């Protein structure tokens with residue numbers, strides 16, 4: 001079933017008043033745009049977003065048969081997220097899971113499963129984010145009505161091709177970035193709006209996990225309320241710039257970084273033509289797709305320049321912990 | 322008026338269905354326990370938490386006359402937060418502000434103001450967090466009813482003295498910490514549960530802003546899903562350990578840090594007797610008080626050992642930006 005059919009079936013059966021997004025690491029971050037969308041656009045529906053064990057150990061009292069839990073795990077085996085599915089079902093919630101792994105533990109503990117791509121190309125890596133956002137849009141539209149539903153559909157029709165094309169066009173800039181940053185030992189990552197947790201997963205997963213580089217991340221609106229005191233000539237920053245309502249927040253951070261000669265790399269949705277393809281009224285929600293696709297190329301080039309493959313781990317997949 | 326009276330007056334006038342917490346930096350983080358409490362305990366009330374400019378530039382459509390906005394700014398002049406007050410009022414929301422600064426711009430743009438202490442002692446620095454949490458408890462209890470209301474009151478009666486005593490008892494450990502970490506150039510900070518953003522403000526404000534130290538922060542449940550690949554012998558970590566439901570999450574991260582000889586400093590609510598003073602059913606919500614008070618002493622000792630006063634800035638209060 002597709003997201004629309006799944007939500008139709010759920011709302012035909014029960015009154016939904018809450019959507020809880022649960023995952024770990026990049027799979028948690030990939031759910032953020034959907035949570036952000038509901039927080040922005042829902043008049044009544046509640047939305048929450050947890051790392052799986054926080055949800056497991058401190059489950060909100062509101063999680064009951066009126067809750068839809070949307071969980072994600074790429075390989076479908078993340079123990080905390082599988083436990084969250086079981087826990088959610090025991091609380092009476094309906095569970096929709098996103099994974100690429102057929103018949104995985106995550107798939108087996110969900111009421112509904114959507115299988116997404118990943119390895120095929122840059123666009124496929126965005127399907128998890130995309131399905132979560134589609135589920136959120138369907139929930140909102142079918143429960144409360146959503147004025148820009150058609151614009152969102154237009155966005156979904158166009159975003160994968162645009163993101164793929166953007167990634168393919170990013171090679172030259174990505175190579176330059178890799179050369180400039182390959183000898184750094186650490187790097188900060190910022191963004192805002194729907195892309196806040198693209199910055200988070202870029203920092204926690206691409207930099208720390210996959211490159212063993214030191215990293216920190218924060219909302220670009222928070223930059224001026226603490227983190228900016230670390231800025232000095234050549235301190236490395238990646239700014240993932242949004243096109244849309246929060247652009248001014250990102251631009252203000254950029255102006256400061258440039259003023260004090262921080263070593264700044266900007267990946268900007270505007271450069272990839274987001275607003276020429278996506279209707280203005282839903283523009284914000286599609287930034288994460290372009291930024292994720294383009295920065296993946298940057299990470300690949302960095303890995304290559306540092307001779308540290310993105311798949312290399314010292315603990316993950318190697319030890320029990 | 323005290324928090325109870327303020328909420329009585331608000332709910333007598335209007336039906337409240339949403340509470341939005343807005344601030345910047347440490348004042349944003351200080352509101353997190355209140356948001357966490359509502360997300361945990363409310364069956365119907367919605368809760369959200371934003372850095373002020375995210376709220377200003379991308380205001381949720383749900384912000385209307387049924388919304389209470391709770392904002393905070395220590396000095397009452399943070400431009401983004403003052404703008405958020407104006408913006409919230411224009412949307413019809415009722416604004417309750419926390420500040421220590423009488424007749425400040427923040428106070429003048431709020432419907433209700435609670436003035437809190439700060440400089441008097443360690444306990445006074447917790448009043449902002451405490452009033453926000455009291456407001457959240459009153460909102461929940463007066464609107465939906467809350468079974469553990471009396472336990473929370475017992476907690477409020479005891480927590481300030483316990484936190485003050487804890488800070489006063491922390492000197493020796495804090496000095497040892499400062500000696501051990503004074504030559505580090507960066508340090509990670511983790512926590513979970515209601516203390517998640519104590520870790521955030523420790524990282525973004527105490528380390529980056531006030532010590533110009535590199536830092537990153539994440540939920541200790543996220544540690545195993547990316548960040549832990551950075552762990553190696555002597556990589557510096559601060560773990561703010563909670564007593565209560567999410568303790569196992571923190572303890573699992575600690576076991577890993579110790580297994581690989583990371584340079585780990587643990588500040589643990591359990592060591593300061595939190596559970597002997599606070600009723601078990603509300604224990605989680607009082608961790609941030611003890612951890613904040615104790616770590617303040619650690620930060621002071623670190624500042625002293627590094628000869629870098631906590632008040633020293635290069636940009637904040639010095640430039641326009």
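Chains as they are written, first to last, in the numbering used here: chain W, 1 to 321; chain A, 322 to 642. Just so you know, even glycine gets a beta-carbon here, dropped at the ideal spot from N, CA and C. Treat the numbers as computed from the prediction; the structure is a model and nothing was measured.
How would you call residue 216(W), buried or exposed, if buried means at least 16 neighbouring beta carbons within 10 angstroms?
buried
What are the boundary residues of the beta strand (DSSP E) that includes residue 70(W)?
67-72
Please work out which residues of its chain come closer than 6 Å, Cβ to Cβ, to residue 449(A), disregarding the five sequence neighbours upstream and downstream, and give them in chain order.
351, 393, 419 and 437.
Compare the C-beta of residue 414(A) with all C-beta atoms of chain W and state if any pair is closer than 7 Å.
Not one chain W Cβ lies under 7 Å of residue 414(A).
By the DSSP assignment, the beta strand (DSSP E) with residue 206(W) in it spans what residues?
For residue 206(W), no beta strand (DSSP E) segment is defined, and its DSSP state is neither H nor E.
Mind listing the chain A neighbours of residue 305(W)? Cutoff is C-beta to C-beta under 8 Å, in chain order.
Within 8 Å Cβ-Cβ: nothing; residue 305(W) doesn't reach chain A, min ~19 Å.
Is DSSP giving residue 371(A) helix, strand or coil here?
strand
Between which two residues does the alpha helix (DSSP H) holding residue 569(A) run?
568-580
Name, please, each residue of chain A whose Cβ falls closer than 9 Å to the Cβ of residue 61(W).
361, 362, 363 and 364
Out of curiosity, what's the CA-to-CA distance linking residue 227(W) and residue 64(W)?
A direct Cα-to-Cα measurement between residue 227(W) and residue 64(W) gives close to 39 Å.
Taking CB distances under 7 Å as the criterion, tell me whether residue 119(W) reaches chain A.
Taking CB atoms only, residue 119(W) has no neighbour in chain A less than 7 Å away.
Is the beta carbon of residue 599(A) less than 7 Å from the beta carbon of residue 476(A)?
yes
Of all the residues that make up the segment 567-581 of chain A, which are near chain W by a beta-carbon distance shorter than 7 Å?
567, 569, 570 and 577
DSSP three-state call for residue 325(A): helix, strand or coil?
Residue 325(A) carries a helical assignment under DSSP once its states are collapsed to helix, strand and coil.
Please check the pair residue 620(A) and residue 447(A), which I expect to be a contact at CB under 8 Å, by giving their CB distance rounded to whole angstroms.
Not really, about 15 Å apart at Cβ, beyond 8 Å.
Using a Cβ distance threshold of 8 Å, determine whether the segment 600-611 of chain A contacts the segment 464-476 of chain A, with at least three qualifying pairs required.
Three or more beta-carbon pairs drawn from the segment 600-611 of chain A and the segment 464-476 of chain A are found closer than 8 Å, and the two stretches are therefore classed as touching.
Less than 6 Å between C-beta atoms, sequence neighbours within five positions excluded: which residues of the same chain meet that for residue 112(W)?
6 and 96
Alpha carbon to alpha carbon, what distance is there between residue 136(W) and residue 38(W)?
7 Å
Buried or exposed: residue 589(A), going by 16 or more other Cβ atoms within 10 Å of its Cβ?
buried
For residue 319(W), is the classification buried or exposed, using 16 other Cβ atoms within 10 angstroms of its Cβ as the cut-off for buried?
Exposed: under 16 other Cβ atoms inside 10 Å.
With which residues is residue 298(A) paired in a DSSP beta bridge?
The structure shown does not extend to residue 298(A), since chain A is modelled only from 322 to 642, so the question has no answer here.
Our contact map puts residue 546(A) next to residue 186(W) with C-beta atoms below 8 Å; I'd like the distance itself, whole angstroms only.
Incorrect: roughly 20 Å between the Cβ atoms, too far for contact.
Could you list which residues in chain W have their beta carbon closer than 9 Å to that of residue 638(A), in chain order?
Going along chain W, no residue has its Cβ under 9 Å from residue 638(A), so there is no contact; the nearest lies around 11 Å.
Measuring straight from C-alpha to C-alpha, what distance separates residue 354(A) and residue 270(W)?
37 Å
Near residue 22(W), what residues of its chain come up, given a Cβ to Cβ distance below 7 Å and the 5 sequence neighbours on each side ignored?
50, 52, 55, 69, 71, 81 and 84
For my contact list, residue 123(W) and residue 160(W) are in at a C-beta cut-off of 8 Å; report their separation, rounded to the angstrom.
4 Å
Do residue 398(A) and residue 425(A) come within 7 Å of each other at the CB atom, strictly closer than that value?
yes
Got a sec, what are the start and stop residues for the alpha helix (DSSP H) residue 354(A) sits in?
353-362
Near residue 500(A), which residues of its chain fall below 8 Å by C-beta distance, leaving aside the five closest residues on each side in sequence?
Around residue 500(A): 626.
Going by DSSP, which residues form a beta bridge with residue 235(W)?
DSSP output for residue 235(W) lists no bridge partner at all.
Hey, quick one: how far does the beta strand (DSSP E) through residue 425(A) stretch, first residue to last?
Premise fails: residue 425(A) is in no beta strand (DSSP E) and is neither H nor E.
In the DSSP output, which residue or residues are listed as bridge partners for residue 97(W)?
71(W) and 113(W)
Let me know if residue 382(A) comes out buried or exposed under the rule of 16 or more other beta-carbons within 10 Å of its beta-carbon.
exposed
In chain A, which residues lie with their C-beta within 8 Å of the C-beta of residue 216(W)?
Correct list: 524, 529, 535, 536, 537 and 538.
Kindly indicate if chain W contains any beta-carbon less than 7 Å away from that of residue 367(A).
Taking Cβ atoms only, chain W reaches closer than 7 Å to residue 367(A), which makes this a yes.
Relative to the C-alpha of residue 91(W), which candidate in 59(W), 209(W), 74(W) and 15(W) has its C-alpha closest?
59(W)
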